[in-house]
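In my numbering, the protein residues as written are 1326 to 1521. For every residue, glycine included, the Cβ atom is placed at its ideal position computed from N, Cα and C. Structure record follows, encoded as structure tokens.
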Amino acid sequence: MGLLTSIGIIVLFGLVGGAIGYLTNVIAVRMLFRPEKPRCILPGRRVCIQGLIPARKDALARRLGRVMAKYAYSRSIREKYKQRLEKEIAGLIREAVEEKLRQSPIQSPLAAMLLPGLAEMLAKAVTPMVIELLEKASLRVNVAEIVEEEFKSLPVAELEKVFKEIASKELRFIEIMGFILGAIIGLAEGIIALIV
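Right, here's the structure in full:
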């Protein structure tokens, strides 16, 4: 067998191996989400396949809920949220009081002069009470349960879209690595086939 033929066989093995590796990884990535419902591939429902995400959606929802409750709703995040709420609520109270006083039938220079101070005083007095009520109420809300319910309610197609938006580069890398690894294995097989 000539050198060109040997190189051709090795290259062919590499290309076939690369194609198989690529297609295998493309199918594996697609099977994260598909099929949505179990599909039996043998009669008698003994061998069924289903995408990883649809099959484990409830468990993922529970776990995501726990993680969100533990980390995303931590004390430091609640404190930052409280600070921002205080600022926003005080501003809204100020605006509402000023608007109501502007609409008042009593329009005098004295009222105009007192208006900003009165609005500020009311905002300072009411804001802490509102924040305290919100904090108490938020401690009674089960964040994990809310996140779990929301995750479960999302259609698998929507989850797939979000997942691909987040990890499209990584998924593409997995597919390309399938080709590269398949090609390396194919090249090795081609060399072994020529030697044996």
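Buried or exposed by the 16-neighbour rule on C-beta atoms within 10 Å, applied to residue i
| i | result |
| --- | --- |
| THR1330 | exposed |
| ARG1419 | buried |
| ALA1444 | buried |
| GLY1343 | buried |
| PHE1498 | exposed |
| TYR1347 | buried |
| ALA1508 | buried |
| LEU1392 | The sequence as given places Val at residue 1392; Leu does not occur at that position. Classification of VAL1392: exposed, given that the 10 Å Cβ count is below 16. |
| LYS1335 | Just to set this straight, residue 1335 is Ile in the shown sequence, not Lys. Label assigned to ILE1335: buried. |
| GLU1404 | exposed |
| VAL1422 | buried |
| GLY1515 | buried |
| GLU1457 | exposed |
| GLY1333 | exposed |
Residue i, DSSP secondary structure in three states
| i | result |
| --- | --- |
| ILE1352 | helix |
| ARG1371 | coil |
| ARG1381 | coil |
| ARG1359 | coil |
| VAL1521 | coil |
| GLY1327 | coil |
| SER1401 | helix |
For residue i: DSSP bridge partner residues
| i | result |
| --- | --- |
| ARG1364 | ILE1374 |
### Message
Check whether the stretch 1441-1454 and the stretch 1412-1422 touch, using three or more Cβ-Cβ pairs below 8 angstroms as the test.
### Response
yes
### Contact the stretch 1349-1361 vs the stretch 1478-1492: 3+ CB pairs below 8 angstroms
yes
### Message
Does the structure place the stretch 1465-1485 close enough to the stretch 1369-1389 that three or more beta carbon pairs sit under 8 angstroms?
### Response
yes
### Message
If we require 4 or more residues per run, which alpha helix (DSSP H) segments fall completely within the stretch 1414-1499?
### Response
1434-1465, 1468-1478
### Message
Using a Cβ distance threshold of 8 angstroms, determine whether the stretch 1498-1515 contacts the stretch 1396-1411, with at least three qualifying pairs required.
### Response
no
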